[in-house]
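Residue numbers (the working numbering), protein chains in the order written: chain P, 60 to 336; chain W, 66 to 466. Ideal Cβ placement from N, Cα and C applies to all residues, glycine included. Everything numeric in this text was worked out from a predicted model, so none of it was measured. One structure is given here, and the rest of the page talks about it.
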Amino acid sequence: MSVKLARDNGTVTDAERRLASPLAVRGLTVSYGQKPAVFSVDMTVRAGHMTAIIGPNGAGKSTLLKAALGIMKPLAGTVTVLGQPVAWRRDHIAYVPQRASVDWDFPTRVIDVVLMGMYGQLGLLGRVKPKHRAQAMDCLDRVGMTDFATRQIGQLSGGQQQRVFLARALAQGADLYLLDEPFAGVDAATEQAIITVLKGLRDAGKTVVAVHHDLSTVRAYFDDVFLINTQAVAEGPVETTFTEENLQTAYGGRLAGAQMDALAETLVTTSAGTSAR
Amino acid sequence: MIWEALFLGLGYNATLVTLGAAILGIAAGVGGSFLFLRKRALVSDAISHATLPGVGLAFVVMVGLGGDGRNLVGLLTGGAVSAAIGLLCVNWLSTRTRLAEDAAIGAVLSVFFGFGIVVLTYIQTMTSGRQAGLEGFLLGSTAGMLQSDALVLALAAALTLALVLILRRPLTLVAFDPDFARATGRNVDRIDLAMMAIVLAVTVVGLKIVGLILIVALLIIPPVTARFWTERVDRVLLGAGIVGGLSGYIGAAISAAVPDVPTGPIIVLVGAALFLISLLCAPGRGVVSSVLHHRQYQRRVHLRQGLLALAQGQPIYERLTQRLMEQRGLMRGDGVATEKGRAHAARALLDEARWHVVRNDQAYAAAAERYDGLTEMQKVLTADQIREIDARLPAPQGAMP
Chain P
60 MSVKLARDNG TVTDAERRLA SPLAVRGLTV SYGQKPAVFS VDMTVRAGHM TAIIGPNGAG
120 KSTLLKAALG IMKPLAGTVT VLGQPVAWRR DHIAYVPQRA SVDWDFPTRV IDVVLMGMYG
180 QLGLLGRVKP KHRAQAMDCL DRVGMTDFAT RQIGQLSGGQ QQRVFLARAL AQGADLYLLD
240 EPFAGVDAAT EQAIITVLKG LRDAGKTVVA VHHDLSTVRA YFDDVFLINT QAVAEGPVET
300 TFTEENLQTA YGGRLAGAQM DALAETLVTT SAGTSAR
Chain W
66 MIWEALFLGL GYNATLVTLG AAILGIAAGV GGSFLFLRKR ALVSDAISHA TLPGVGLAFV
126 VMVGLGGDGR NLVGLLTGGA VSAAIGLLCV NWLSTRTRLA EDAAIGAVLS VFFGFGIVVL
186 TYIQTMTSGR QAGLEGFLLG STAGMLQSDA LVLALAAALT LALVLILRRP LTLVAFDPDF
246 ARATGRNVDR IDLAMMAIVL AVTVVGLKIV GLILIVALLI IPPVTARFWT ERVDRVLLGA
306 GIVGGLSGYI GAAISAAVPD VPTGPIIVLV GAALFLISLL CAPGRGVVSS VLHHRQYQRR
366 VHLRQGLLAL AQGQPIYERL TQRLMEQRGL MRGDGVATEK GRAHAARALL DEARWHVVRN
426 DQAYAAAAER YDGLTEMQKV LTADQIREID ARLPAPQGAM P
């Protein structure tokens with residue numbers, strides 16, 4: 060069923076954008092105790108694009124992601140995936156948690172972690188068949204970790220752990236990928252490997268949303284940005300939204316002049332009048 | 066006597082007890098594994114102590130209704146109910162108040178246990194209902210175990226095992242990464258509850274044989290012991306089942322063979338012995354293996370440092386270094402390098418210089434991560450890559466073999 064709205068200018072309404080969005084958040088408030096970590100946030104992710112969630116420490120980036128996934132219970136607000144409640148579409152969502160959120164001394168091997176991404180498909184008692192194993196190995200191959208398949212996860216370096224988490228998300232075979240600080244504390248080679256995989260997903264029509272903290276790579280890595288500091292600050296394509304003005308608003312003036320200068324090359328100049336470079 | 070007991074040659078009742086204890090050990094080991102992996106081992110202590118008031122009250126009620134106060138199913142049902150209440154109290158205190166789980170466990174455990182003792186004391190004063198034997202639930206007692214009792218235990222243990230096998234994937238997921246489990250739509254609270262139900266079932270079943278004070282040991286020692294030997298969840302489960310089963314079997318057999326030895330404590334001591342052996346001897350995670358690995362590593366470090374000192378013409382002061390170098394014929398007793406020693410030293414120095422280049426080049430970031438001051442470059446990079454690096458070395462070293 061499709062609804063045609065009689066409009067002559069052809070613009071899309073907010074409601075329509077939300078309906079088509081693989082992740083739309085509306086009026087979301089999450090609080091720890093009496094202090095909101097995320098307050099009345101609206102976010103509409105564009106399908107088939109890569110979005111960076113940016114903001115200072117404690118701005119609620121991870122909390123926004125967790126609440127959107129239902130890991131944390133929001134105080135208010137709705138989260139929809141293609142217009143449907145997120146709980147109905149879980150099998151379309153893959154999640155990469157922060158690396159430090161688990162105990163890496165857990166008795167499990169790399170391949171077993173990747174297979175965890177397929178538990179939904181395996182069911183409670185379904186046997187792990189050679190085809191499942193091959194699928195898991197393929198996911199490891201995409202992040203360059205096939206050699207480590209039978210290693211205990213505690214033996215991995217930080218970057219390798221992050222790649223294994225990404226491989227597990229790939230094994231979920233989802234359309235929407237949510238990543239919490241995928242580049243935190245990883246080596247340059249891993250960062251390259253991860254961004255290559257993510258861009259590959261995007262080019263295959265998947266949607267990627269990542270909490271990101273390195274402002275200098277936003278422009279090179281992402282299509283869209285979502286700036287947050289407890290409340291939403293700005294949202295849109297990098298070319299129009301990743302501006303000094305928006306950053307200063309999000310970071311509350313906490314970005315020092317030197318940091319800004321370093322970013323100058325990647326930042327978008329706000330309007331023609333101020334671009335005196 | 067011991068051998069007869071181990072081969073079930075001590076008569077019908079002893080056989081019943083031995084097999085029952087083995088089954089209980091298997092169920093407890095497997096059931097306790099996820100508790101250990103979820104890092105909530107102590108919750109089982111609260112659960113077991115919270116069974117006591119239920120057992121006592123069940124006795125009072127059954128006598129009051131004119132029945133046999135010592136009906137096992139009735140007593141265990143009572144224990145299960147009060148344990149469940151205790152468990153809910155721990156959960157409520159740790160999630161809804163600012164109390165941490167360990168404090169909640171301490172509070173619930175002592176209050177329920179204290180109340181249970183009060184009930185038992187009251188029962189002692191009752192005139193009806195043959196109260197003797199109830200205190201056996203504290204430390205376990207296998208005297209006078211009936212075939213029907215053993216059947217109840219075996220059935221309950223089998224059910225527990227089946228439940229763990231069916232739920233092993235969600236339980237693993239929640240133990241390793243609860244956030245991911247929630248994100249993939251699992252109800253983590255309900256899975257935790259299922260885990261607790263399994264533990265509760267094992268505890269209640271084990272009351273008769275091991276007693277409520279020591280059942281914790283049977284839940285926790287087997288998985289901890291198994292963990293020394295393996296890096297996989299399924300094998301921790303398997304190993305915990307084996308360790309638990311062996312403890313139960315051997316422990317019960319010993320206590321059947323030796324008069325006046327309590328069953329529960331012996332079972333726990335057998336488990337502890339298996340734990341001790343694993344702690345010391347397990348490859349990889351065991352203490353002996355760790356010490357040996359550390360010593361070996363220390364020797365490699367000393368050798369490498371000695372070779373580098375030799376190459377740079379510095380004196381070697383450390384005794385261990387000197388000894389190791391002499392043993393390998395790299396150095397003479399008077400501290401002068403041998404021909405072999407000079408060759409090795411030159412190679413070590415070249416390797417170090419190569420690593421210096423690699424570690425300062427982003428292009429080799431992945432390889433640089435493997436630098437530990439000991440690994441030879443040949444093991445990390447290809448011959449072509451090494452040639453490329455050698456070309457960049459400062460002239461004098463680059464000319465060396």
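| Asked | Found |
| --- | --- |
| Could I get the ranges of all uninterrupted alpha helix (DSSP H) runs contained in the segment 325–408 of chain W, with 4 residues as the minimum, in chain order? | 328–346, 352–376, 384–392 |
| Can you check which of these residues, Glu404(W), Val422(W), Glu441(W), is closest to Ala456(W) by C-alpha distance? | Val422(W) |
| Could you tell me whether the Cβ atoms of Gly313(W) and Gly90(W) are closer together than 7 Å? | yes |
| How about Cys198(P) and Ala247(P): are their beta carbons less than 7 Å apart? | no |
| Identify each residue in the segment 118–144 of chain P for which the Cβ-Cβ distance to at least one residue of chain W is less than 9 Å, and report them in chain order. | Lys125, Leu128, Gly129, Ile130, Met131 |
| Can you say whether Tyr429(W) is buried or exposed, counting buried as having 16 or more other CB atoms within 10 angstroms of its CB? | buried |
| What three-state label does DSSP hand Ile287(P) in the structure shown? | strand |
| If you measure between the beta carbons of Val335(W) and Ile315(W), is that distance less than 7 Å? | yes |
| Would you list the one or two residues that DSSP bridges to Val89(P)? | Val97(P) |
| Does DSSP classify Pro296(P) as helix, strand or coil? | strand |
| Just to confirm my understanding: we take Gly179(P), look at its own chain, exclude 5 residues before and 5 after, and list those with CB closer than 7 Å. What are they? | Asp150 |
| Tell me where the alpha helix (DSSP H) around Ala219(W) begins and ends. | 212–231 |
| If we call anything under 7 Å between Cβ atoms a contact, is Leu439(W) one with Arg369(W)? | yes |
| How about Ala193(P): is its Cβ closer than 6 Å to a heavy atom in the ligand MG? | This structure lacks the ligand MG, and indeed carries no ligand of any kind. |
| So Ala193(P) is in the alpha helix (DSSP H); what residue range does that whole segment cover? | 189–201 |
| Determine whether the Cβ of Gln377(W) lies closer than 7 Å to any Cβ atom of chain P. | no |
| Where Gly244(P) and Met204(P) are concerned, what is the direct C-alpha to C-alpha distance, given to the nearest angstrom? | 18 Å |
| Is the segment 83–102 of chain W touching the segment 265–277 of chain W in the sense that three or more CB pairs, one from each, lie closer than 8 Å? | yes |
| In this structure, how does DSSP classify Pro166(P) when only helix, strand and coil are distinguished? | coil |
| State buried or exposed for Trp157(W), treating a residue as buried only when at least 16 other CB atoms are found within 10 Å of its CB. | exposed |
| Going by other Cβ atoms of all chains shown within 10 Å of its Cβ, with 16 needed for buried, is Leu117(W) buried or exposed? | buried |
| Rounded to whole angstroms, what's the CA-CA distance from Ile274(W) to Leu204(W)? Just pull it up for me. | 8 Å |
| With a threshold of 16 other CB atoms inside 10 Å of the CB of His358(W), please say whether the residue is buried or exposed. | exposed |
| Are Leu302(W) and Val176(W) touching if we call contact CB-CB under 7 Å? | no |
| Can you list, in chain order, the residues of its chain with a C-beta nearer than 6 Å to that of Thr333(P)? Leave out the 5 residues immediately preceding and following it. | Summary for Thr333(P): the model assigns pLDDT 37, below 50, so the residue's position carries little reliability, and this model does not support an answer. |
| Helix, strand or coil, according to DSSP, for Val267(P) in the structure here? | strand |
| Buried or exposed for Thr190(W), going by 16 or more other Cβ atoms inside 10 Å? | exposed |
| Excluding sequence positions up to five away, which residues of its chain have a Cβ less than 7 Å from the Cβ of Ala165(W)? | Ser159 |
| What span of residues does the alpha helix (DSSP H) with Leu311(W) cover, start to end? | 298–322 |
| Cutting at 7 Å between CB atoms, please list the residues of its own chain near Val217(W), excluding the five before and the five after it. | Leu137, Val138 |
| What's the C-alpha gap between Glu441(W) and Tyr280(P)? | 36 Å |
| Is it right to say Thr290(W) is buried, meaning 16 or more other beta carbons lie within 10 angstroms of its own, or is it exposed? | buried |
| Our contact map puts Thr249(P) next to Arg222(P) with C-beta atoms below 8 Å; I'd like the distance itself, whole angstroms only. | 6 Å |
| Under DSSP, the alpha helix (DSSP H) around Ala432(W) begins and ends at which residues? | 430–433 |
| Report buried or exposed for Trp68(W), applying the criterion of at least 16 other Cβ atoms within 10 angstroms of its Cβ. | exposed |
| Given a cut-off of 7 Å, decide if Gly176(P) and Arg227(P) are closer than it, judged by their beta-carbon atoms. | yes |
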